[in-house]
Ligand SMILES: O=C(O)CCC(=O)C(=O)O
Ligand SMILES: [Fe+2]
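Numbering (full-length UniProt numbering), first residue to last: 1 to 379.
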């Protein structure tokens, strides 16, 4: 039986299995050294807490088909600010990709490749620094400004993932230089965050227009509440990659994610019932629609399941920027629902207006378990 939450009551016959699993989770957590710590110690078997096979998440099921139509769309942003005809064409491409895939890759986005490379390197250096120094940042307190941890949902998800993570809120309140570990290169994290903020504005404008709304619609919707979280994942090499996953299949809990990945590969997107590889493209950035955008667009744009395979090769580094709302901001509940302008008699709302707290409580309460987090909010 799947034991998915440390607080859930469990039948007596499963108690010993539950206790053992909980003990193993705690023992792993208390090393404060993550999956990298296991690999550094020379582990040659995947510990049972990481075993996903029992839960049907085996990484090598439903292999990616070859052939045309199974590459995520690439959108060239060249000319977007200077050529109105080009801009209209880009908006059309953003609309097609957001409706059909929920994922696309942008090229010629204007961010120098040196900034991308140095950002990946900064995250690598954070994870590969002296473990004793790194441990000082290990925490599960999501309110901390700088977080290092393995598996945000370690105690909630049915299986742990082969992944460690660095998290830092960069908008609206970036950490001070002295709050960031020296090896992390504050200068490069700050530069990358500023680039993300500005690319985020461009993408919000394109998406607003692709939804048929005025250019500034989404920007105004999140005005004063915008929150950008920078998340630097480290996927160590795995001795038995067929038993676990780098990330269980999930959809993101935000409006939009911009993802930078290195050249190792492993990210897959569910498209027409196939797992499609998101092949690394040097200089490209992956953009995906998150649950909050699916909700406010009333399912016009889709937040799509994606996962990361574990691999013998590694480490793999990726850096995701999540465009969210600051939460909680003040005492008043924050509601979100399908945008009024997108609703009509022929297109009635498919979600109720929700307090975003309900959504986040649900998302974090269940962890990554392969199930869409928006389902309970459908009408
Ligand atoms: O590492 C990746 O390629 C994907 C990470 C991801 O999906 C996430 O952080 O939500
Ligand atoms: Fe994701």
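Glycine included, C-beta positions come from ideal geometry on N, C-alpha and C.
Output the distance between the C-alpha atoms of residue i and residue j, rounded to the nearest integer angstrom.
| i | j | result |
| --- | --- | --- |
| residue 71 | residue 159 | 29 Å |
| residue 202 | residue 214 | 13 Å |
| residue 76 | residue 259 | 16 Å |
| residue 249 | residue 78 | 32 Å |
| residue 69 | residue 94 | 17 Å |
| residue 121 | residue 180 | 15 Å |
| residue 341 | residue 225 | 22 Å |
| residue 3 | residue 362 | Bear in mind that the predicted position of residue 3 carries a pLDDT of just 39, short of 50, making it unreliable; the figure below should be weighed with that in mind. Taking the straight line from one Cα to the other gives about 17 Å. |
| residue 330 | residue 350 | 28 Å |
| residue 359 | residue 298 | 16 Å |
| residue 166 | residue 124 | 10 Å |
| residue 239 | residue 231 | 25 Å |
| residue 85 | residue 356 | 37 Å |
| residue 25 | residue 44 | 18 Å |
| residue 277 | residue 145 | 33 Å |
| residue 188 | residue 244 | 32 Å |
| residue 229 | residue 42 | 33 Å |
| residue 19 | residue 50 | 16 Å |
| residue 176 | residue 170 | 10 Å |
| residue 131 | residue 47 | 21 Å |
| residue 37 | residue 315 | 13 Å |
| residue 90 | residue 292 | 22 Å |
| residue 32 | residue 83 | 51 Å |
| residue 209 | residue 136 | 45 Å |
| residue 366 | residue 81 | 42 Å |
| residue 22 | residue 155 | 8 Å |
| residue 195 | residue 112 | 10 Å |
| residue 211 | residue 279 | 28 Å |
| residue 205 | residue 332 | 27 Å |
How would you call residue i, buried or exposed, if buried means at least 16 neighbouring beta carbons within 10 angstroms?
| i | result |
| --- | --- |
| residue 269 | buried |
| residue 157 | buried |
| residue 233 | buried |
| residue 353 | exposed |
| residue 288 | buried |
| residue 161 | buried |
| residue 235 | buried |
| residue 109 | buried |
| residue 97 | buried |
| residue 339 | buried |
| residue 220 | exposed |
| residue 88 | exposed |
| residue 17 | exposed |
| residue 35 | buried |
| residue 303 | buried |
| residue 345 | exposed |
| residue 403 | In the structure as shown, the chain begins at 1 and stops at 379. Residue 403 is therefore absent and cannot be evaluated. |
| residue 327 | exposed |
Does the beta-carbon of residue i, which I'm using as the reference point, lie nearer than 6 Å to any heavy atom of ligand 2?
| i | result |
| --- | --- |
| residue 380 | Lying before the first or after the last residue shown, residue 380 is absent from the chain, which here runs from 1 to 379. |
| residue 281 | no |
| residue 19 | no |
| residue 224 | no |
| residue 164 | no |
| residue 252 | yes |
Is residue i near ligand 1, going by C-beta to nearest heavy atom under 6 Å?
| i | result |
| --- | --- |
| residue 267 | yes |
| residue 150 | no |
| residue 308 | yes |
| residue 233 | yes |
| residue 144 | no |
| residue 320 | yes |
| residue 382 | Residue 382 is absent from the model: the chain starts at 1 and stops at 379. |
Between the region 108 to 117 and the region 279 to 289, can you find at least three pairs of beta-carbon atoms closer than 8 Å? The region 279 to 289 makes contact with the region 108 to 117; the number of CB pairs closer than 8 Å reaches 3 or more.
Tell me, please, whether the region 306 to 316 touches the region 137 to 155 by the rule of three or more beta-carbon pairs shorter than 8 Å. Between the region 306 to 316 and the region 137 to 155 there are fewer than three C-beta pairs closer than 8 Å, too few to call the two in contact.
Only counting runs of 3 or more residues, tell me where the beta strand (DSSP E) segments fall wholly within the region 263 to 290, in order along the chain. Runs of the beta strand (DSSP E) inside the region 263 to 290: 267 to 271, 274 to 277 and 285 to 289.
Is there contact between the region 310 to 324 and the region 245 to 264, where contact requires at least three CB pairs shorter than 8 Å? Touching, yes.
Taking the runs of the beta strand (DSSP E) that are 3 residues or longer, which of them lie wholly in the region 175 to 232? Correct list: empty.
What runs of the alpha helix (DSSP H), each 4 residues or longer, lie entirely inside the region 88 to 172? 113 to 128 and 131 to 134, all fully within the region 88 to 172.
For the region 133 to 149 against the region 235 to 254, do three or more pairs of beta-carbon atoms, one drawn from each stretch, fall closer than 8 Å, so that the two count as touching? They do not touch, by the three-pair rule.
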